[in-house]
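Written out below as structure tokens is the structure these notes cover.
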Amino acid sequence: MTTVLTPASPLTAADRCDRCGAQAYLRVVLTSGGELLFCAHHGRKFEPELKKIAAEIQDETDRLNAPSTASDEEH
Ligand SMILES: [Zn+2]
Numbered sequence: 456m457t458t459v460l461t462p463a464s465p466l467t468a469a470d471r472c473d474r475c476g477a478q479a480y481l482r483v484v485l486t487s488g489g490e491l492l493f494c495a496h497h498g499r500k501f502e503p504e505l506k507k508i509a510a511e512i513q514d515e516t517d518r519l520n521a522p523s524t525a526s527d528e529e530h
């Protein structure tokens, strides 16, 4: 697997799940060069398929458990 040169910028509240529009906690960089965003729910749901097509998966779902998170947005 090759290293992607895109710097890993943290996901923000403005990043939204491509499937449901909830706040995104996973960024999936595709081997084709595209990029997908998923909430924790859909990230887990599609994880097996994503691993087949992803060059890199940036997983920030652990931030969901961080007590410092001001808004616990669910869907
Ligand atoms: Zn979602």
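For the sequence shown, the working numbering begins at 456 and goes up steadily by one. C-beta: ideal position from N, C-alpha, C; glycine also.
{"Check": "Flag residue 474 as yes when its Cβ comes closer than 7 Å to any non-hydrogen atom of ligand 1, and as no otherwise.", "Outcome": "yes"}
{"Check": "Between the beta-carbon of residue 493 and the beta-carbon of residue 518, is there less than 8 Å?", "Outcome": "no"}
{"Check": "Can you tell me where the alpha helix (DSSP H) holding residue 505 begins and where it ends?", "Outcome": "495 to 508"}
{"Check": "Which residues bound the beta strand (DSSP E) around residue 482?", "Outcome": "481 to 485"}
{"Check": "In whole angstroms, what is the alpha-carbon distance linking residue 469 and residue 514?", "Outcome": "16 Å"}
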